[in-house]
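These notes concern the structure reproduced below.
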Amino acid sequence: MEARPWRERVSLEEELLEQLQRQVSEAATRRADALAEGVAELGSVYKVAKALNKGWTTVDQAIKKHGSARTDPEKTA
Numbered sequence: 042m043e044a045r046p047w048r049e050r051v052s053l054e055e056e057l058l059e060q061l062q063r064q065v066s067e068a069a070t071r072r073a074d075a076l077a078e079g080v081a082e083l084g085s086v087y088k089v090a091k092a093l094n095k096g097w098t099t100v101d102q103a104i105k106k107h108g109s110a111r112t113d114p115e116k117t118a
């Protein structure tokens with residue numbers, strides 16, 4: 042089988058990268074929404090972070106950067 046020309050391969054890979062970037066962005070938004078739901082349930086970013094064994098700044102930044110429902114959650118217990 043003859044290999045595809047390099048321009049065609051580059052074009053195909055660029056399309057794939059765009060699809061993957063969209064999927065990553067959508068997943069980050071869903072994750073942030075789930076984290077925000079956890080904050081609503083548990084009462085603070087700190088409690089969510091502790092439950093997930095993550096730093097509170099990681100949780101807080103994910104919600105702020107990717108959350109569709111912008112909230113100002115309490116950061117301490």
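Count along the sequence shown from 1, then add 41; that gives the number in the numbering used here. Virtual Cβ for every residue (Gly too), placed ideally from N, Cα, C.
Within the continuous alpha helix (DSSP H) that includes residue 22, where are the two ends? Because the chain spans 42 through 118 in this model, residue 22 falls outside it and cannot be assessed.
What three-state label does DSSP hand residue 75 in the structure shown? Looking at residue 75 - three-state DSSP - the assignment turns out to be helix.
With DSSP collapsed to three states, give me the class of residue 45. It is coil, neither helix nor strand.
With contact counted as at least three CB pairs below 8 Å, one residue from each stretch, are the stretch 99-107 and the stretch 69-87 in contact? Flag = yes, the stretch 99-107 and the stretch 69-87 touch.
Measure the C-alpha to C-alpha separation of residue 60 and residue 91 and round it to an integer number of angstroms. If you take the alpha carbons of residue 60 and residue 91, they lie about 33 Å apart.
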